[in-house]
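Here is the structure we will look at, set down as structure tokens.
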Amino acid sequence: MSEEARKGKEEFSFKCPACKNGMITISKTIYDLPDKDKMLIIKFECNQCNFSKNDIIPLTTNFEPGILSLKVTCEDDLNSKIYRSPVGKLEIPELELIVEPGPSADFFYTNVEGILDRFEQAVHIYNNSLEENDSQKDEIEQVLNDIEKAKAGKLNF
């Protein structure tokens, strides 16, 4: 992050409630985006148990509510930035993947590859919750293979 992009970084620490041994460091950074929007990035991180939580709060935005679409046709498109508000729906129909808004949804700012990583992690968690002989296992393996192809830039979506 360039010095121009970072402003007003502050840090605070307190004892980690998860492991009771480490210290949680809270860092707050105001980040200037290339489109002149500003966001507050808050990061919680324990130096012992690796607890980590990020939160992003938009301070300004030039986006109007509506539907935004992106067609990924090459590996460079995976670097396209994605901003999702807690009330936004995110969908990749070609992979049958959807994130619906919910009461505990967060803002996040990432790129297409980061979105694919999030989907991959969620599918792995779901897959691990199934019994070994579950009929959905083959379908889930295909979804994971498709996500890998998409992350490698070998699947248009």
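With the numbering used here as the guide, the letters of the sequence shown map in order to residues 48 to 204.
Cβ coordinates follow ideal geometry from the N, Cα and C atoms, glycine included.
Bear in mind the structure is a predicted one, so any value in this text is a computation, not a measurement.
Would you kindly check if the distance between the Cβ of residue j and the Cβ of residue i is under 8 Å?
i      : j      : result
Lys90  : Asn101 : yes
Ile139 : Phe204 : yes
Cys96  : Cys121 : no
Asn180 : Asn158 : no
Leu117 : Leu87  : no
Asn94  : Gly69  : yes
Using only CA atoms, which one of the options lies nearest to residue i?
i      : options                        : result
Thr108 : Ile129, Cys63, Lys85, Cys121   : Lys85
Glu141 : Asp123, Asp181, Leu202, Phe98  : Leu202
Pro133 : Pro148, Asp124, Asn126, Leu144 : Pro148
Asn175 : Glu160, Ile162, Leu191         : Leu191
Ile77  : Lys62, Glu58, Lys136           : Glu58
Ser99  : Leu115, Gly135, Leu87, Ile71   : Ile71
Ser74  : Lys62, Asn68, Glu92            : Glu92
Tyr156 : Asp193, Asp123, Gly135, Val119 : Gly135
Thr130 : Glu195, Cys63, Ile162          : For the sequence presented, residue 130 should be read as Tyr rather than Thr. The shortest Cα separation from Tyr130 among Glu195, Cys63, Ile162 belongs to Ile162.
Pro81  : Glu195, Lys196, Lys128         : Lys128
Lys196 : Ile172, Val146, Glu160         : Glu160
Leu144 : Val170, Glu111, Phe61          : Val170
Assuming residue i contacts residue j under a Cβ cut-off of 8 Å, what Cβ separation, rounded to an integer in Å, is found between them?
i      : j      : result
Leu177 : Gln183 : 6 Å
Exercise for the section: Count the C-beta pairs between the segment 175-189 and the segment 136-153 that are closer than 8 Å, then say yes if the count reaches three, no if not. Expected result: no
Problem - Entirely enclosed alpha helix (DSSP H) segments - the segment 79-157, minimum 4 residues - result: none
Handout entry: Segments of 4+ residues assigned as alpha helix (DSSP H) that fall wholly inside the segment 154-193
Key = 159-175
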